[in-house]
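Residue numbers (the numbering used here): 11 to 242.
Don't be surprised by glycine CBs; every beta carbon is placed ideally from N, CA and C.
Every value quoted in this text rests on a predicted model; they were computed, and no experiment measured them.
In what follows, a structure is listed as structure tokens, so that the remarks can point back to it.
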Amino acid sequence: TKPKDLAKLLRDIETIEGDPNTINSLRLLALLFVRNGDLRRMRWADLDLEAGRWRLKPLKGQGKVNMVKDMVVPLPRQAVAILRAQQQINGHTKFVFYSETAKKHQIISDATANKRLKDLGYKNIHCAHGFRATAKTILQEQLKYPLVLVEMALGHTTKDPNGTAYGRFEYIDDRSDMMQKWADYLDALRDGKDTAKFKADTKDTAEPNAQLQALIAQLGEDQVLAMLKSKA
11 TKPKDLAKLL RDIETIEGDP NTINSLRLLA LLFVRNGDLR RMRWADLDLE AGRWRLKPLK
71 GQGKVNMVKD MVVPLPRQAV AILRAQQQIN GHTKFVFYSE TAKKHQIISD ATANKRLKDL
131 GYKNIHCAHG FRATAKTILQ EQLKYPLVLV EMALGHTTKD PNGTAYGRFE YIDDRSDMMQ
191 KWADYLDALR DGKDTAKFKA DTKDTAEPNA QLQALIAQLG EDQVLAMLKS KA
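What follows is the structure, given as structure tokens:
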């Protein structure tokens with residue numbers, strides 16, 4: 011959850027040699043912060059690489075009141091590039107992370123990512139599921155994105171203050187912008203470049219309408235209107 015530590019982790023991942031399934035799955039876990047089980051089961055049929063969308067039914071969402079039953083994950087350019095590379099390897103199969111050695115499910119094992127992280131020295135420090143906490147913390151604390159957008163990206167059921175639940179396609183443009191900015195931030199962090207432009211202190215240069223929309227997303231339209239009236 012600390013940018014400096016995350017930068018080192020991202021660089022360490024790039025040192026992995028061998029099966030491209032492994033390194034590409036870790037790259038995507040960092041970029042998309044979905045659950046490892048959902049990523050491992052990613053199917054080509056659920057992807058629209060031209061539009062940059064992945065539609066899925068999260069495993070944890072089936073029967074859980076606090077998890078969405080289906081969702082759309084906007085894919086940043088970096089994720090699309092990784093998936094294009096995977097197409098060259100597994101495009102002839104049903105699964106993005108097809109594995110010839112996995113006889114039961116035909117996909118990489120749920121232990122694959124964690125084993126590689128352990129080999130990199132992250133035992134009891136970071137695991138595959140930990141990318142979700144990493145993204146949530148930094149997106150909110152460092153990049154100051156509204157909670158509702160972050161929760162939607164995590165696949166959690168989300169309601170505004172008036173109790174209205176958001177659908178999978180709501181705020182899709184805002185979520186796409188957030189995912190692209192997150193991917194660009196990770197690139198800059200990994201490469202040791204200046205990340206100041208991604209931080210909250212640059213938010214005041216944003217378009218006023220964008221700031222207003224972010225506030226509405228976080229607090230709800232009625233509450234924002236009440237705040238504006240009180241200032242009038």
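- When secondary structure is reduced to three states using DSSP, TYR195 falls in the helix class.
- Approximately 6 Å separates the beta-carbon atoms of LEU20 and LEU199; this is inside 8 Å, confirming the contact.
- In this structure the segment 91-102 touches the segment 54-68; the number of beta carbon pairs closer than 8 Å is three or more.
- Looking at the backbone, the Cα of HIS115 and that of PHE107 are separated by about 11 Å.
- Annotation for PRO84: the continuous beta strand (DSSP E) segment containing it runs 81-84.
- ILE33 carries a helical assignment under DSSP once its states are collapsed to helix, strand and coil.
- Non-local C-beta neighbours of GLY47 in its own chain, meaning closer than 6 Å and more than five positions away in sequence, comprise LEU69, ordered along the chain.
- Judged by their CB atoms, ARG50 and ILE117 are nearer to each other than the 7 Å cut-off.
- Per DSSP, ARG65 is not a residue of any alpha helix (DSSP H); the beta strand (DSSP E) it occupies stretches across 63-66.
- One thing to note: ALA138 has its Cβ within 7 Å of the Cβ of ASN124.
- Secondary structure at ILE148: helix, using DSSP grouped into helix, strand and coil.
- Judged by DSSP in its simplified three-state form, ILE135 adopts coil rather than helix or strand.
- In the three-state reduction of the DSSP assignment, MET77 falls in the strand class.
- Distance from the CA atom of LEU36 to the CA atom of ALA206, rounded to whole angstroms, is 25 Å.
- Residue range 157-164 is occupied by the alpha helix (DSSP H) that includes MET162.
- Between VAL83 and TRP64 a beta carbon distance of about 4 Å is seen, short of the 8 Å cut, so the two are scored as contacting.
- Here ASP58 is bridged, per DSSP, to ARG63.
- Between the C-alpha atoms of ASP201 and TYR155 there is a straight-line separation of about 23 Å.
- Closest in C-alpha terms to TRP192, from the list THR147, GLY165, GLU180 and HIS166, comes THR147.
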